[in-house]
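Here the structure is laid out as structure tokens; the discussion comes afterwards.
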Amino acid sequence: MRVAVDFGTSSTCVAVSVRGQEPQAVVIDGAPLMSSAVYAAPDGTLFVGQEAERQAAVDPSRYEPNPKRRIDEGELLLGDTVLQVTEVVRAVLRRAVDEARRVANNAEVDVLVLTHPADWGAIRGRVLRQAANGLGREITLVPEPVAAAVFHAATFAPADGNEHRTVEVSAQPGETLAVLDLGGGTVDVSVVRRTDPRQDPAHARRGGFQVLATRGDPSFGGADIDQALLEHVGGTVAEADTAAWRELVEGRELPDRRRRRVLRQDVRGAKETLSRHAYTDVPMPPPFADAHVTRVDLEELITEPLSRAAELTVAAIDEAGLRPKQLTAIFLVGGSSRIPMIARLLHARTGVMPTTLDQPETVVARGALRATTAEPDQTGGAPAGAQAPRHPTSGPRPVPPAVAATQQVGGPTQQVGAGPTQQVGQGRQTNQAQPPPNRPGAPGQPQAHPGQPRQAQPTGPRPHGGYPAPGRSPYSQPGQAGVYAADQPTQRTSPVGSQEKVAGKGKARSKLPWLVGGAVVLVVAAVAGLVVWLVGGSDDTQPGQQTAAPELAEFQFRFNYPESWRKTGSDAELRKVELRPAEPQSDVDALVVQEFQLNYDVSDARAEIVEELRGKVEQSEENFQNFDGQARYVNRDVVYYQQLLDGGGTVDWYVFFNGRTQVSVGCQYDDGREKAVRPACDKVASTLRIGNQSR
1 MRVAVDFGTS STCVAVSVRG QEPQAVVIDG APLMSSAVYA APDGTLFVGQ
51 EAERQAAVDP SRYEPNPKRR IDEGELLLGD TVLQVTEVVR AVLRRAVDEA
101 RRVANNAEVD VLVLTHPADW GAIRGRVLRQ AANGLGREIT LVPEPVAAAV
151 FHAATFAPAD GNEHRTVEVS AQPGETLAVL DLGGGTVDVS VVRRTDPRQD
201 PAHARRGGFQ VLATRGDPSF GGADIDQALL EHVGGTVAEA DTAAWRELVE
251 GRELPDRRRR RVLRQDVRGA KETLSRHAYT DVPMPPPFAD AHVTRVDLEE
301 LITEPLSRAA ELTVAAIDEA GLRPKQLTAI FLVGGSSRIP MIARLLHART
351 GVMPTTLDQP ETVVARGALR ATTAEPDQTG GAPAGAQAPR HPTSGPRPVP
401 PAVAATQQVG GPTQQVGAGP TQQVGQGRQT NQAQPPPNRP GAPGQPQAHP
451 GQPRQAQPTG PRPHGGYPAP GRSPYSQPGQ AGVYAADQPT QRTSPVGSQE
501 KVAGKGKARS KLPWLVGGAV VLVVAAVAGL VVWLVGGSDD TQPGQQTAAP
551 ELAEFQFRFN YPESWRKTGS DAELRKVELR PAEPQSDVDA LVVQEFQLNY
601 DVSDARAEIV EELRGKVEQS EENFQNFDGQ ARYVNRDVVY YQQLLDGGGT
651 VDWYVFFNGR TQVSVGCQYD DGREKAVRPA CDKVASTLRI GNQSR
């Protein structure tokens with residue numbers, strides 16, 4: 001079973017696909033949406049959804065209506081209980097997953113897809129992953145506008161276009177959409193473009209969409225419309241008994257809080273009714289008479305904020321370098337998009353008649369499931385890739401953030417150099433001799449690849465987050481990206497490997513560094529091109545050491561891996577997969593394979609790319625060493641470099657290229673653990689195929 005959770009500011013939507021069937025929204029408490037609210041009871045129980053809203057009447061101090069808005073805070077105080085933000089978010093996600101399992105006869109969750117705003121960075125994504133740890137065998141993140149665009153593409157085929165449409169279909173290869181998400185707590189606008197998989201393989205597997213621009217307004221959403229309408233109603237009935245109205249809205253006593261909760265529900269229902277009818281009545285508690293409200297009343301209250309939403313849409317389109325009529329469509333999602341006025345304002349401002357669907361609040365969740373299937377434009381379909389592990393594994397601990405300000409080829413704590421104790425920038429200094437770089441042509445010797453950045457390892461298991469941002473080269477992305485460091489490709493036949501590890505002494509060891517690419521800045525994108533070149537010259541060579549083994553095929557790459565290893569993570573946005581031993585002896589051992597899109601075909605520019613990458617590495621402040629632009633590993637040409645991790649771990653980076661695609665393989669291992677990880681690294685690297693490459 002595959003489950004998608006659209007964790008929203010005020011409400012959460014869940015979609016499920018069983019055995020590859022069409023994604024369906026899960027009905028919770030009689031509705032396709034579940035409140036995101038959480039209530040912390042004195043005995044430690046966390047109530048979620050309507051249960052939390054009901055309990056809030058007992059003690060409002062224990063109630064958090066919008067956990068998503070608190071995502072940047074480490075802890076929350078609910079009543080006299082201090083809770084980690086991840087605990088509160090996890091409570092919402094667990095309830096969502098439990099409801100999905102309920103409708104699927106308690107089936108196990110093979111893939112859990114979580115959506116997030118397009119402008120969320122690695123840190124927020126990591127919090128979301130940590131909160132979901134263990135709720136599914138595999139966890140994948142998808143940007144909300146990408147999920148919406150995938151759903152739109154699957155629903156409105158280009159051939160179905162109306163010749164009288166107000167939009168000019170943009171140039172090939174595909175559609176460009178502006179997605180306006182009017183949620184319960186925020187307004188988000190993103191412009192996304194469908195890419196040509198031949199020219200942009202990096203986005204081909206993420207539903208084929210790339211985010212071009214995004215704008216948002218965190219101060220306005222459907223809940224604010226509810227509040228405005230409530231205040232309007234109060235203004236019409238309060239004159240009957242001002243004191244009684246004040247007691248009702250302040251809710252100091254339990255009976256008043258209960259009546260206020262019912263009134264808020266009735267006001268929300270009135271707002272929804274006004275999207276379909278010109279007027280409605282709001283039932284009021286005694287001593288007040290029922291209130292009569294019209295659509296005109298509502299529109300007068302929200303004209304200004306909805307006009308801002310229309311302007312945000314125009315600004316996002318402009319930021320993407322487009323004109324409104326170059327869009328294929330403006331797609332409205334989110335429950336508040338039902339309000340007719342927003343479509344009129346957008347049409348008047350852009351000349352484009354927006355598109356919407358029934359149940360717009362479920363579009364993102366259903367689209368997220370499509371975005372992670374082999375054929376996003378088709379219904380159903382299981383995701384490509386190997387079988388996920390049968391038992392959820394605890395997610396790796398967060399890695400220290402990469403120095404995003406510096407443009408590095410490698411990730412944090414990477415060293416570049418061909419000599420002992422060579423350092424780059426102001427990274428950790430090594431006071432022990434480093435092994436000489438592996439020589440090209442030395443059979444079986446791993447070579448350090450500059451193509452993939454390495455990052456510092458966190459203590460404990462490595463985090464699933466921290467990957468390079470979508471659409472950027474591995475070197476241009478802040479945060480940690482690339483591959484987990486697994487066994488260092490230290491010289492395969494040289495004892496200096498131990499010396500390289502010693503160089504890391506004195507630093508807090510981070511257990512599982514993420515791909516160095518995450519630390520790389522956009523400038524490094526060019527470098528990424530370099531690294532990408534790594535495999536450039538020998539993509540057609542016959543990889544060695546191929547034996548029968550499970551195959552994993554995701555994005556634009558595929559490879560075999562030992563049966564004793566398991567796939568433990570996948571990120572559709574970053575096009576990265578993680579593998580770990582089925583019976584881990586260390587929380588450091590891991591392999592990561594990540595794909596990046598290059599700005600140009602590097603097939604005929606190897607020398608230039610390698611030199612550019614070398615320069616970026618030498619300017620880096622990270623701990624890199626043994627850079628070799630003409631390395632050989634498992635009988636394949638690669639760019640190799642080594643990263644020394646804080647506290648003593650090592651990551652061997654191997655970069656492979658095929659046309660405009662770079663795939664970096666990161667082999668990470670702890671001191672004395674290289675022999676345990678090396679066979680798996682050899683297997684993955686020797687069988688790796690990119691695009692249409694054959695063995």
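Here the sequence shown stands for residues 1 to 695, where the numbers follow UniProt numbering.
Glycine included, every Cβ here is placed at the ideal spot set by N, Cα and C.
If you're wondering where the values come from, they're calculated on a predicted model, not measured in any experiment.
Opening and closing residue of the beta strand (DSSP E) in which residue i lies
{"i": "residue 596", "result": "590 to 597"}
{"i": "residue 571", "result": "565 to 571"}
{"i": "residue 670", "result": "Here residue 670 belongs to no beta strand (DSSP E), and DSSP marks it neither H nor E."}
{"i": "residue 697", "result": "There is simply no residue 697 to check, as the chain begins at 1 and stops at 695 in what is shown."}
{"i": "residue 367", "result": "It is not in any beta strand (DSSP E) - residue 367 instead sits in the alpha helix (DSSP H) that spans 363 to 371."}
{"i": "residue 292", "result": "291 to 294"}
{"i": "residue 583", "result": "Neither: residue 583 is in no beta strand (DSSP E) and is coded neither H nor E."}
{"i": "residue 145", "result": "Per DSSP, residue 145 belongs to no beta strand (DSSP E); it is in the alpha helix (DSSP H), 144 to 155."}
{"i": "residue 214", "result": "209 to 217"}
{"i": "residue 332", "result": "329 to 333"}
{"i": "residue 194", "result": "187 to 194"}
{"i": "residue 182", "result": "176 to 182"}
{"i": "residue 243", "result": "Taken as a continuous stretch (DSSP letters only), residue 243 belongs to no beta strand (DSSP E), being part of the alpha helix (DSSP H) at 242 to 250."}
{"i": "residue 630", "result": "624 to 633"}
{"i": "residue 6", "result": "2 to 7"}
Identified DSSP bridge partners for residue i
{"i": "residue 639", "result": "655"}
{"i": "residue 84", "result": "75"}
{"i": "residue 34", "result": "12"}
{"i": "residue 47", "result": "39"}
{"i": "residue 24", "result": "16"}
{"i": "residue 560", "result": "551"}
{"i": "residue 282", "result": "291"}
{"i": "residue 140", "result": "113"}
{"i": "residue 661", "result": "658"}
{"i": "residue 63", "result": "39"}
Residue from the options whose Cα sits closest to the Cα of residue i
{"i": "residue 646", "options": "637, 669, 638, 44", "result": "669"}
{"i": "residue 302", "options": "325, 336, 330, 292", "result": "336"}
{"i": "residue 363", "options": "36, 601, 649, 154", "result": "154"}
{"i": "residue 62", "options": "48, 40, 132", "result": "40"}
{"i": "residue 308", "options": "220, 227, 333, 278", "result": "220"}
{"i": "residue 574", "options": "181, 595, 28", "result": "595"}
{"i": "residue 719", "options": "275, 93, 549, 102", "result": "With the chain covering 1 to 695 only, the question about residue 719 has no answer from this structure."}
{"i": "residue 584", "options": "677, 684, 334, 656", "result": "677"}
{"i": "residue 555", "options": "332, 565, 571, 325", "result": "571"}
{"i": "residue 178", "options": "150, 252, 580", "result": "150"}
{"i": "residue 685", "options": "651, 634, 230", "result": "634"}
{"i": "residue 195", "options": "184, 26, 176, 186", "result": "176"}
{"i": "residue 115", "options": "289, 366, 272", "result": "366"}
{"i": "residue 214", "options": "691, 112, 321", "result": "321"}
{"i": "residue 77", "options": "44, 152, 57", "result": "44"}
{"i": "residue 1", "options": "139, 674, 650", "result": "139"}
{"i": "residue 603", "options": "622, 617, 662, 558", "result": "662"}
{"i": "residue 370", "options": "113, 290, 292", "result": "113"}
{"i": "residue 680", "options": "25, 598, 578", "result": "578"}
Residue span of the alpha helix (DSSP H) that contains residue i, given as start and end
{"i": "residue 347", "result": "340 to 350"}
{"i": "residue 130", "result": "122 to 132"}
{"i": "residue 702", "result": "Residue 702 falls outside the range modelled here, since the chain spans only 1 to 695, and no answer is possible."}
{"i": "residue 54", "result": "50 to 56"}
{"i": "residue 116", "result": "No alpha helix (DSSP H) holds residue 116; the beta strand (DSSP E) holding it covers 111 to 116."}
Min CB distance residue i to chain B below 7 Å
{"i": "residue 319", "result": "Absent here is chain B; the protein component of the structure consists of one chain."}
Nearest-angstrom beta carbon gap, residue j and residue i [assumed within contact, 8 Å]
{"i": "residue 306", "j": "residue 345", "result": "6 Å"}
{"i": "residue 331", "j": "residue 148", "result": "6 Å"}
{"i": "residue 217", "j": "residue 312", "result": "6 Å"}
{"i": "residue 562", "j": "residue 549", "result": "6 Å"}
- Message: Taking 8 Å as the cut-off, does the segment 9 to 16 touch the segment 355 to 371 (at least 3 CB pairs, one atom from each stretch)?
- Response: yes
- Task: Decide yes or no for the touch test of the segment 138 to 148 against the segment 113 to 120: beta carbon pairs closer than 8 Å, at least 3 of them.
- Result: yes
- Message: Three or more C-beta pairs under 8 Å: does that hold for the segment 259 to 272 against the segment 181 to 194?
- Response: no
- Task: Would you be able to state if there are at least three C-beta pairs under 8 Å between the segment 84 to 92 and the segment 63 to 72?
- Result: yes
- Task: Kindly confirm or deny that the segment 125 to 132 and the segment 33 to 50 touch, where touching means at least three C-beta pairs closer than 8 Å.
- Result: no
- Query: If we count Cβ pairs, one from each stretch, closer than 8 Å, do we get three or more for the segment 312 to 330 versus the segment 348 to 358?
  - Reply: yes
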